[in-house]
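The sequence shown begins at 1 in the UniProt record's numbering and counts up by one.
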Amino acid sequence: MNSRILAPVDGSENSMRSLDHASFLSSKLDSKLIILYVLEIPPFVYIQSQKLVNSIMAELEKEAKTVLENAVNRVKNYGLEPETIFLEGQNVGSIIIDYIEKNNFDYIVIGSRGRGKFKHAILGSVSHRVLHHSKIPVLVVK
């Protein structure tokens, strides 16, 4: 079926569970799986040291690389060779929606909550935004 499935991950247990579901669907539908990590750039308004900003960004990028490597290894259990995409910006949900609109995806599989600031929310802010603004089917995994 040559469809494309997008699986945004952030390293949380919930996003890894959603990646398992995306991998299962991809293997059954013979689809291309794309794993997306969006690095949320923290506001550096009050940090005056560029060296400190660079150090923080280097650590965040290192963590993102580790998350993507772990995701690829997890997907290999399903016999898949996924593509990985790394993006960065300030509003993760909007970045995911923009990426979806600029690329030709058939499905999105996303965790209901990630590592964001709003853990108390019933549905995470990123998954909520993706669910309500996507023009393609979205599977939200608990």
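Glycine included, C-beta positions come from ideal geometry on N, C-alpha and C.
Note that the structure is predicted; figures quoted are calculated from it, not measured.
ask   = Which residues bound the beta strand (DSSP E) around Ile85?
value = Looking at the DSSP string, the run of the beta strand (DSSP E) that includes Ile85 is Glu83 to Gly89.
request  = State yes or no: is the C-beta of Glu83 within less than 7 Å of the C-beta of Ile136?
outcome  = no
key: Where Leu36 sits in the DSSP three-state scheme   = DSSP places Leu36 in strand when its eight states are reduced to three.
query = Who are Val138's beta bridge partners in DSSP?
reply = Ile108
task = Within 10 angstroms of the Cβ of Pro43, are there 16 or more other Cβ atoms? Answer buried if so, exposed if not.
result = exposed
ask   = So, helix, strand or coil for Leu6, using DSSP?
value = The answer is strand: DSSP assigns Leu6 an E or B state.
task = Take the Cβ of Gly111 as the centre, count every other Cβ of all protein chains shown within 10 Å, and call the residue buried at 16 or more, exposed below.
result = buried
ask   = Which class does Ile47 belong to by DSSP, given the choice of helix, strand or coil?
value = coil
request  = Quick one: grab the DSSP three-state call for Leu80.
outcome  = coil
inquiry  = Quick check on Arg17: does DSSP put it in helix, strand or coil?
reply    = helix
ask   = Leu85 to Val140, Cα distance in whole Å?
value = In the sequence under discussion, the amino acid at residue 85 is Ile, which differs from the Leu named in the question. Cα-Cα distance, rounded: 20 Å.
Inter-residue spacing [alpha-carbon to alpha-carbon] between Ala71 and Met16 = 7 Å
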